[in-house]
Structures are given as C-alpha cells and as structure tokens.
Amino acid sequence: MDLDTLTSTPENLPVFSLMNSSEKTAWLKSEAYKILDVLHINDFQSLDFLHKEIQKLDSDEMVLKGMLSGDLYSCAMCSKQYTKAAWLKKHLEKKHDFEFSKPDSARKESNPVQCFLFMSLLLRDTCDSYRMGDGERIVRNAYFEWLYARSLNHTKYSLWLWRLIAYVDAVLSPSESAEYKWNMTVNLKGGVQNNIPNDCCVELQVKNIKRQLNTQGSNKSFKSAQKICMTTQVVEDIMDKLQKSVKSFKPKGSRPEVDKSKDIDQIVQHLRKHGPVKSIKWDSFSKFKNPIAKISAPSLFEWINYNQKIASLYM
-19 MDLDTLTSTP
-9 ENLPVFSLMN
1 SSEKTAWLKS
11 EAYKILDVLH
21 INDFQSLDFL
31 HKEIQKLDSD
41 EMVLKGMLSG
51 DLYSCAMCSK
61 QYTKAAWLKK
71 HLEKKHDFEF
81 SKPDSARKES
91 NPVQCFLFMS
101 LLLRDTCDSY
111 RMGDGERIVR
121 NAYFEWLYAR
131 SLNHTKYSLW
141 LWRLIAYVDA
151 VLSPSESAEY
161 KWNMTVNLKG
171 GVQNNIPNDC
181 CVELQVKNIK
191 RQLNTQGSNK
201 SFKSAQKICM
211 TTQVVEDIMD
221 KLQKSVKSFK
231 PKGSRPEVDK
241 SKDIDQIVQH
251 LRKHGPVKSI
261 KWDSFSKFKN
271 PIAKISAPSL
281 FEWINYNQKI
291 ASLYM
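Laid out in structure tokens, this is it:
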C-alpha cells in the first residue's frame, strides 16, 4: 500500500541475489500472509464453527453405533431394541436422560467484501492450478469448492467434488492417489500454463468428432463414427504440421488480456480512504450471509453419511 502507482519500485527489499530458492519462497510466503492479514481473508471462523458442530454429531453417531447389534439397535440401559437410530436416540433422551448435542445457532457477522475477496482468490487459484497441472492445489481447493456447492444447493457439483475428494483420500491407494492427482489435466499445446481439465479435453474431442461426422451427411453410420473417433487426433496432428510447413495463419485460441491497472488503482484508493476490509460495510448487504455460514451442520452430516453408504457399495 506504500506504492504510489503499480509501476513504482518497492523499497526495503531484500537482496535476492544473495538468497537461495527456499529463502526466496519463505520471504514471498511471509509477504503473502501479511496481505491476507490486512484484508482479513484468512479468517476461518465459519469453517471452525462448522467443524466443531460436525465433531459433536460424529461423537453422537459413535454412541449410537456402539449399541448396534446386527440389524437392530439395543439400548445399553434396558436392552430395548429398535430398528432405527433416531428411535433409539429419542428413547435414550426420554427414558434415560441422555444429552445429545444440539445445533448452535450463534453465528459471527459476515463481511460481504471479505467473502467476495476469498471466493475470488479461490477461483483464481483454481484456474491457475488447472493451467499448471498442479493436482495438489486442485484437491486442496476442492474442499472449499465442495462446501460452497453444498451451501448454494448445487447437487451435481457437490456430489462430483465429494467423490473426487473420496477417491484421493480414501478409495485409492497412496500410489494410485498420487497418480490420480497428477493426471487431472492434459496439455494439448505444449508449454507452461497450457493444461486444461480432462473433462474439457473430452468436450473438445467430442466437438471435433461431431464436426467431422456432420460432413458425411446421409452417409453417417456407427462404423464411420468409430473410424472418426480412432483417427480424429491423428488428423488434427497432420493438419497442424501442414499449417506449420506452409506457414499459414492459424487463429489463436486465447483472447487478449484486459488491462486492469485502472481498476486496481481505484480499489487501492478506496482502501486507503476507508481503511481495511473489516471496517467496510454497505447497507445494501446488511442481510448478507457467508455461504459457508449458511450450511446446516446436521443436514451436511446426514448428507455425508448417506453418500458414504453409497460409496461403500459402488465406489
């Protein structure tokens, strides 16, 4: 924040020529943490609250599972049997004065600017991790993306992300998990930062196959489609080599980058005038809630248990 413009030279920098790569990385991380502290982006109280609530529900679940014998739940006090865990829980509360955890409704006030910055940085980091083919970062960000998908009721995305995490952490062996993480992207162009997700690669291949199949008109058949599927990548490679040999024009697949320097200058001036993000409040966002803070711990716990049962059968 001490720079006048984006092109200004920062002062009091260490001598990088005297530092090795690990020292440079440590310095860069420390500066990044300072920025996160100033913007209050590393405040994870909503996550900590959700984690504690899930732990309480998990301990209650373990108590009930300890009374499971075969297909029936047997009360440890009076040996009365039930077919449902919910019925046993109600029996323990009424007859034996068991105290199970109750959901805590105390929530911290959410800051819309802080939440927007966190989600923006998460999106930016996820896109960069796919471009770099960094499987570790992809999985690390998937935990946050899964929570956001659950809070916004995106059923398909929450299920896909949960299965991704389950494969990496539980289903696959350590060696298979490492191989899976480092094969989440594919590079069709070569070079750095040109990786794309595997599902996007499949969509591109399907697009090429449909384009070639539509040229056959009424002669389309299963065999012709099969031949196109087997030869589409070879044909694309031949076309690329011919275009390079004759030096023909090939349209670029990327768009020119937008100059964001003016927007950044306005943001910096606004922060200088109003102070840190923590003190910025807008009346139009007075009823704003952090998406993660909207998640109901009991419903999330029930959803996880349900999908664990399905995973034990089909994954």
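-19 is the number of the first residue of the sequence shown in the numbering used here; add one for each residue after it.
C-beta: ideal position from N, C-alpha, C; glycine also.
Remember, it's a predicted structure, so these values are computed and weren't measured experimentally.
- Exposed is the label assigned to M210, since fewer than 16 other Cβ atoms lie within 10 Å of its Cβ.
- Between K75 and the set I189, K60, S81 and P83, the nearest pair of CA atoms involves K60.
- Annotated three-state conformation of N285 is helix, per DSSP.
- Unbroken alpha helix (DSSP H) runs of no fewer than 4 residues, entirely contained in the segment -14 to 28, are found at 1 to 19, following chain order.
- In the three-state reduction of the DSSP assignment, V166 falls in the strand class.
- Counting only residues of its own chain and dropping the five nearest sequence neighbours on each side, I275 has a CB closer than 7 Å to the CB of L30, L127, R130 and S131.
- Counting of Cβ neighbours within 10 angstroms places G171 among the exposed residues, the total staying below 16.
- In terms of Cα proximity to E79, the closest of K64, L37 and L103 is L37.
- Boundaries of the alpha helix (DSSP H) harbouring I218: F202 to S225, taken from the DSSP string.
- Leaving aside the five residues that flank C95 on each side, the residues in its chain whose CB is nearer than 8 Å to its CB run, in chain order, F268, N270 and P271.
- Taking the Cβ atoms as the reference, K161 lies roughly 15 Å from E125, outside the contact range of under 8 Å.
- Comparing alpha carbon positions, the residue from L97, C180 and S109 closest to H20 is L97.
- The residue among L139, K82, N194 and V18 with its C-alpha nearest the C-alpha of I290 is L139.
- The three-state reading of DSSP puts S54 in strand, counting E and B together.
- Between C55 and L72 the beta-carbon gap is near 7 Å, inside 8 Å, which marks them as a contact.
- For N121, the enclosing alpha helix (DSSP H) stretches over residues G115 to S131.
- Ranked by Cα distance from L48, the options K64, Y286 and Q35 are led by K64.
- The DSSP-derived three-state label of N199 is helix.
- Taking the C-beta atoms as reference points, R111 is found nearer than 9 Å to N174.
- The criterion of a C-beta distance shorter than 9 Å is satisfied by I284 and W142.
- With contacts defined by Cβ atoms closer than 9 Å, A205 and I189 form a contacting pair.
- One alpha carbon belongs to A277, the other to S292, and they sit about 22 Å apart.
- Taking 9 Å as the cut-off, the beta carbon of L101 is found no closer than this to the beta carbon of A122.
- Going by beta carbons, F281 and E41 fall inside the 9 Å limit.
- Here DSSP, grouped into helix, strand and coil, assigns L48 to strand.
- Excluding residues up to 5 positions away in sequence, A291 and M295 lie with their Cβ nearer than 7 Å to the Cβ of A146 in the same chain.
- Annotation: K253 to Q246 spans about 11 Å, alpha carbon to alpha carbon.
- Boundaries of the alpha helix (DSSP H) around N194: N178 to N194.
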